[in-house]
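Asker: Going by full-length UniProt numbering, 355 is the number at position 355 of the sequence shown; the sequence numbering is gapless.
Ideal Cβ positions, reconstructed from N, Cα and C, are used throughout, including at glycine.
The structure presented is a predicted model; accordingly, all values stated were derived computationally and were not measured.
Let me begin by handing over the structure; questions about it come next.
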Amino acid sequence: MGRYSEAFAQARDDRETFWLAAAEGVDWVAPPTTALDDSAAPFYRWFPDATLNTSYNALDRHVEGGHGDRTALIWDSAMIGETRTFSYARLLDEVSRFAGVLSSNGVAAGDRVVIYMPMIPEAAIAMLACARIGAVHSVVFGGFAAPELASRIDDAEPVAIVTASGGLEPGRSVPYLPMVARAVELAASPPVTVVVKDRPEITGSAADHDGWLDWDTTMADARPVGPVPVAATDPLYILYTSGTTGKPKGVVRDNGGHAVALTWSMSTIYGIEPGDVWWTASDVGWVVGHSYIVYGPLLIGATTVMYEGKPVGTPDAGAFWRVVADHGVRALFTAPTAIRAIRKADPDAAELARYDTSSLRTLFAAGERLDPDTFGWATRVLGVPVVDHWWQTETGWAIAANLRGLEPMPLKAGSPTVPVPGYRVGVVDAEGTQLAAGEEGNIVIELPLPPGTLAGLWHDEERFRTSYLSAFEGYYLTGDSGYVDADGYVFVLGRSDDVINVAGHRLSTGSIEAVVASHPAVAECAVIGIHDDLKGQRPSGYVVLKAGVEIEPDTLRDELVAMVRDEIGAVATFRDVTVVPALPKTRSGKILRKTMRQIADHQDYTVPSTIEDADVLADLAKQLGG
């Protein structure tokens with residue numbers, strides 16, 4: 001048996017020994033004597049008798065170990081042409097003092113704090129400060145509109161919001177404070193405290209809002225506080241992900257399992273060791289930013305790069321290669337969308353030739369499927385392994401990967417390689433029967449899930465069961481379809497529900513439909529995700545007008561695009577609207593979204609036996625050229 005097979009077998013057959021050994025990579029206040037508590041299955045608890053502090057593990061222990069001068073965080077802003085560097089000692093000081101700010105304003109262990117920030121160091125500082133005092137942070141992506149922010153405030157019921165005057169995009173700024181103010185107005189449970197980091201490039205400050213606090217002013221005389229021990233099973237953060245109902249689901253991550261899994265993953269999956277420079281080109285509003293901009297690299301004492309910019313346009317398609325060269329990046333983790341954008345702007349990789357990227361050893365991709373064409377191009381121009389891996393907001397770290405620090409395996413285009421030790425992946429049909437190698441079906445994971453995965457949904461046990469556990473007894477439903485080949489390689493083909501993946505961002509078609517349906521001219525609508533060469537998927541709307549309504553298609557499209565942008569945010573990239581005479585449905589009234597997707601993507605499809613009116617589907621196919 002190779003090293004991978006040995007690790008996989010032990011994690012499957014003797015999980016207590018395997019995960020208690022992995023837990024030795026974490027500094028505990030009270031070390032665990034038991035790995036898994038399965039007494040309340042399917043609500044499993046990892047390291048139930050242990051206590052620790054995640055912030056201490058990310059910062060203090062490295063300083064105490066004599067590495068305070070090592071670089072912890074490099075902030076590189078292509079938007080303003082500025083770079084800031086934080087040693088472990090400096091980052092610890094900033095985090096300790098902001099923890100003091102939160103504490104002095106009534107935030108205590110177990111309280112929730114919403115963080116609505118752009119990609120600036122203060123976002124990571126706020127996250128780590130919450131962890132330091134045992135508060136539960138919930139980071140909301142800065143591109144979400146006020147109603148989306150308000151819905152998350154109402155669910156988490158935070159005592160404080162930490163925000164900034166705004167974010168920067170190529171050619172424009174995005175003021176956050178009007179959206180925060182509107183969200184506070186809309187929320188049924190508004191927070192008492194709002195802290196604002198002022199950015200001179202953007203209009204607006206805390207002084208414009210009664211009672212809001214300025215970050216720099218409060219930090220000037222803040223008293224640093226030490227790490228508060230918490231139970232390993234206590235929540236570290238809530239991160240909201242889209243659900244098919246349109247209501248966001250609050251994924252809960254615990255402290256202990258999270259620290260163990262991410263510490264183990266950095267060296268085993270990514271081959272990153274203390275002092276290595278690691279760059280995750282994502283946003284702290286998404287799970288990738290939580291796991292691998294902030295916590296993962298800091299837990300092992302690596303240097304993490306936080307980038308404010310785009311893969312192209314800030315200023316050109318060489319932006320990523322400049323960052324790699326400037327900071328000696330050893331491994332880059334990004335979404336396939338970014339690679340496709342770079343390739344589109346610079347197909348011959350002329351910009352790459354301008355930079356010395358010899359430090360780069362591996363390019364990791366996740367967030368959506370890495371198509372073979374993009375995989376081949378990146379492999380050819382970079383000359384390093386391009387490694388796809390697959391995971392979800394819910395899992396928090398990789399389900400399937402090519403374990404570069406354990407046993408690198410041959411790469412297969414279109415596959416994230418094999419299940420990571422701790423994950424027992426299967427493929428089943430609609431009745432739950434295991435399928436043979438190569439047969440496509442529902443990808444499931446046998447329970448219990450490993451440490452670091454979701455502990456549940458915030459205050460919603462029933463939705464946790466119905467969303468993930470009830471479809472197939474004894475399994476977690478990933479919501480993805482695919483197959484496992486004869487070599488044990490996993491192939492993920494796409495979502496099997498109505499949540500779409502736009503450039504690595506999971507968005508509910510139901511929430512977009514709700515906005516479209518509110519237009520006074522719209523009688524009925526459906527929004528589906530269709531293939532997009534750059535973003536993987538994009539939402540496309542199909543609208544049935546109310547009887548007697550006359551409106552120009554271009555006018556309707558412009559109005560709907562503006563409405564979705566206001567309610568959901570620009571991240572939805574909604575721009576396709578097609579007026580149709582009717583929507584294809586089953587006899588029970590369910591819109592045939594999967595069939596519509598197949599038609600729009602010019603794929604083969606079968607007319608469902610349950611269809612109400614086959615002529616409606618035929619007419620739609622003619623209209624879309626299918």
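Spell out the partners DSSP gives W19 in its beta bridges.
Answerer: The count along the sequence shown starts at 1 and reaches residue 19 at position 19. For W19, which the question treats as bridged, DSSP gives no partner whatsoever.
Asker: Around the Cβ of A350, are there at least 16 other Cβ atoms within 10 angstroms (buried) or fewer (exposed)?
Answerer: Here residue 350 is taken as the residue at index 350 of the sequence shown, counted from 1. With fewer than 16 Cβ atoms within 10 Å of its Cβ, A350 is classed as exposed.
Asker: How close, in whole Å, do the beta carbons of V428 and F375 come, if the pair is a contact with beta carbons under 8 angstroms?
Answerer: Translated into the one-based positions of the sequence shown, residue 428 becomes position 428. Translated into the one-based positions of the sequence shown, residue 375 becomes position 375. The Cβ separation is near 27 angstroms, so there is no contact.
Asker: Per the contact definition of three or more C-beta pairs closer than 8 angstroms, is the region 520-536 in contact with the region 397-404?
Answerer: No, the region 397-404 does not touch the region 520-536.
Asker: Just to confirm, is the Cβ distance from I115 to E94 under 7 angstroms?
Answerer: On the sequence shown, residue 115 is found 115 positions in, with the first residue counted as 1. On the sequence shown, residue 94 is found 94 positions in, with the first residue counted as 1. No, the pair does not count as a contact, with Cβ atoms beyond the cut-off.
Asker: Looking only at its own chain, which residues have a Cβ that is under 6 angstroms from the Cβ of L168, when we skip the five neighbours before and after it?
Answerer: Against the sequence shown, residue 168 aligns to sequence position 168. Once the five neighbours on either side are set aside, the close Cβ partners of L168 are M79.
Asker: Just grab the DSSP bridge partners of D214 for me.
Answerer: Counted from its first residue, the sequence shown places residue 214 at position 214. Paired residue(s): V196.
Asker: Measure how close the beta-carbons of T303 and I293 come, nearest whole angstrom, since I'm counting them as under 8 angstroms.
Answerer: Translated into the one-based positions of the sequence shown, residue 303 becomes position 303. Translated into the one-based positions of the sequence shown, residue 293 becomes position 293. Going by Cβ atoms, the distance from T303 to I293 rounds to 12 angstroms, so no, they are not a contact pair.
Asker: Mind checking whether A183 and A231 have CB atoms under 7 angstroms apart?
Answerer: As a working note, residue 183 is residue 183 in the sequence shown. As a working note, residue 231 is residue 231 in the sequence shown. No. Outside cutoff.
Asker: Hey, quick one: how far does the alpha helix (DSSP H) through W264 stretch, first residue to last?
Answerer: Start at 1 with the first residue of the sequence shown, and residue 264 comes out as number 264. Unbroken alpha helix (DSSP H) run through W264: G256 to T268.
Asker: Looking only at C-alpha atoms, which of I568, G422 and W321 sits nearest to E446?
Answerer: Residue mapping note: residue 446 aligns to position 446 of the sequence shown, counting from 1. Per the Cα distances, G422.
Asker: Could you compute how far the alpha carbon of T595 sits from the alpha carbon of T606?
Answerer: Numbered from its first residue, the sequence shown carries residue 595 at position 595. Numbered from its first residue, the sequence shown carries residue 606 at position 606. Distance between the alpha carbons of T595 and T606 is about 8 angstroms.
Asker: Mind checking residue 627: buried by the 16 CB within 10 Å criterion, or exposed?
Answerer: As shown, the chain starts at 1 and ends at 626. That puts residue 627 outside it, with no answer to give.
Asker: Tell me the rounded alpha-carbon separation between V577 and L592.
Answerer: Here residue 577 corresponds to residue number 577 of the sequence shown, with the count starting at 1. Here residue 592 corresponds to residue number 592 of the sequence shown, with the count starting at 1. Taking the straight line joining both Cα atoms gives about 17 angstroms.
Asker: How far does the alpha helix (DSSP H) with W321 in it reach, from first residue to last?
Answerer: Counting from one through the sequence shown, the residue named residue 321 turns up at place 321. That run of the alpha helix (DSSP H) goes A319 to H327.
Asker: Based on the DSSP output, what are the partners of W75 in its beta bridges?
Answerer: Residue mapping note: residue 75 aligns to position 75 of the sequence shown, counting from 1. Answer by DSSP bridge pairing, in chain order: R84 and M306.
Asker: My understanding is that K310 touches L534, with C-beta atoms under 8 angstroms, so please give their C-beta distance in whole angstroms.
Answerer: Mapped onto the sequence shown, residue 310 falls at position 310. Mapped onto the sequence shown, residue 534 falls at position 534. In fact, because the Cβ distance is near 13 angstroms, the residues do not count as touching under 8 angstroms.
Asker: Pair every Cβ in the region 218-230 with every Cβ in the region 51-69, then say whether three or more of these pairs are closer than 8 angstroms.
Answerer: Judged by Cβ distances under 8 angstroms, the region 218-230 makes contact with the region 51-69, as three or more pairs qualify.
Asker: With a threshold of 8 angstroms, are at least 3 pairs of Cβ atoms found where one atom belongs to the region 57-73 and the other to the region 310-326?
Answerer: With a cut-off of 8 angstroms, the region 310-326 and the region 57-73 do not count as touching, because too few Cβ pairs lie within range.
Asker: Let's test the definition: count the other Cβ atoms within 10 Å of the Cβ of A378 and tell me whether it reaches 16, buried, or not, exposed.
Answerer: Against the sequence shown, residue 378 aligns to sequence position 378. Looking at its Cβ environment, which holds 16 or more other Cβ atoms inside 10 Å, A378 is buried.
Asker: Under the criterion of a Cβ to heavy atom distance below 6 angstroms, does D558 qualify as lining the ligand MN?
Answerer: Among the components modelled here there is no ligand, and therefore nothing to report on the ligand MN.
Asker: For the alpha helix (DSSP H) containing A338, name the first residue and the last one.
Answerer: Against the sequence shown, residue 338 aligns to sequence position 338. Per DSSP, A338 belongs to the alpha helix (DSSP H) from P336 to A345.
Asker: Please classify D216 as buried or exposed, where buried requires at least 16 neighbouring CB atoms within 10 angstroms.
Answerer: Residue numbering aside, residue 216 sits at position 216 when the sequence shown is read from its first letter. Its Cβ having fewer than 16 others within 10 Å, D216 is exposed.
Asker: Counting pairs of beta carbons, one from the region 100-118 and one from the region 126-142, are three or more of them closer than 8 angstroms?
Answerer: They touch, by the three-pair rule.
Asker: Less than 7 angstroms between C-beta atoms, sequence neighbours within five positions excluded: which residues of the same chain meet that for E559?
Answerer: Mapped onto the sequence shown, residue 559 falls at position 559. So the list reads H519, once near-sequence residues are dropped.
Asker: Taking 6 angstroms as the limit between beta carbons, can you name the residues of its chain near A160, skipping five residues before and five after?
Answerer: As a first step, residue 160 is located in the sequence shown; it is residue number 160 there, counting from the start. These residues qualify, in order along the chain: V107, V113, P191 and T193.
Asker: Assuming V381 is part of the alpha helix (DSSP H), what are its boundary residues?
Answerer: Taking the first residue of the sequence shown as 1, we reach residue 381 at position 381. Unbroken alpha helix (DSSP H) run through V381: P372 to L382.
Asker: Taking the Cβ atom as the reference point for each residue, do G275 and R404 lie within a distance shorter than 7 angstroms?
Answerer: Taking the sequence shown and counting its residues from 1, the one referred to as residue 275 is at position 275. Taking the sequence shown and counting its residues from 1, the one referred to as residue 404 is at position 404. No, they are not a contact pair.
Asker: Excluding the 5 residues preceding and the 5 following T218 in the sequence, name in chain order all residues of the same chain whose CB lies nearer than 6 angstroms to its CB.
Answerer: If you number the sequence shown from 1, residue 218 lands on position 218. These residues qualify, in order along the chain: V101.
Asker: Take T233 as the anchor and find which of D210, T83 and D38 has the nearest alpha-carbon.
Answerer: For the purposes of this step, residue 233 is taken as residue 233 along the sequence shown, with counting starting at 1. Closest option to T233, Cα to Cα, is D38.
Asker: Can you list the beta strand (DSSP E) stretches of 3 or more residues lying completely in the UniProt domain "AMP-binding enzyme C-terminal" (512-590), in chain order?
Answerer: Fully enclosed beta strand (DSSP E) runs of 3 or longer: 522-532, 536-545 and 576-579.
Asker: So, with DSSP's three-state summary, where would you put E169?
Answerer: By 1-based counting over the sequence shown, the position of residue 169 is 169. E169: strand per DSSP, three-state reduction.
Asker: So the beta strand (DSSP E) D388 belongs to, where does it begin and stop?
Answerer: In the sequence shown, counting from the first residue as 1, residue 388 sits at position 388. Taken as a continuous stretch (DSSP letters only), the beta strand (DSSP E) holding D388 covers V386 to D388.
Asker: Figure out for me which residue from A600, A341 and M127 has the closest Cα to the Cα of V312.
Answerer: As a position in the sequence shown, residue 312 is number 312, starting the count at 1. Per the Cα distances, A341.
Asker: D198 and S173: beta carbons closer than 7 angstroms?
Answerer: Counting from one through the sequence shown, the residue named residue 198 turns up at place 198. Counting from one through the sequence shown, the residue named residue 173 turns up at place 173. The answer is no: Cβ separation not under 7 angstroms.
Asker: Take the Cβ of V284 as the centre, count every other Cβ of all protein chains shown within 10 Å, and call the residue buried at 16 or more, exposed below.
Answerer: Taking the first residue of the sequence shown as position 1, residue 284 is located at position 284. Buried, since its Cβ has 16 or more Cβ neighbours within 10 Å.
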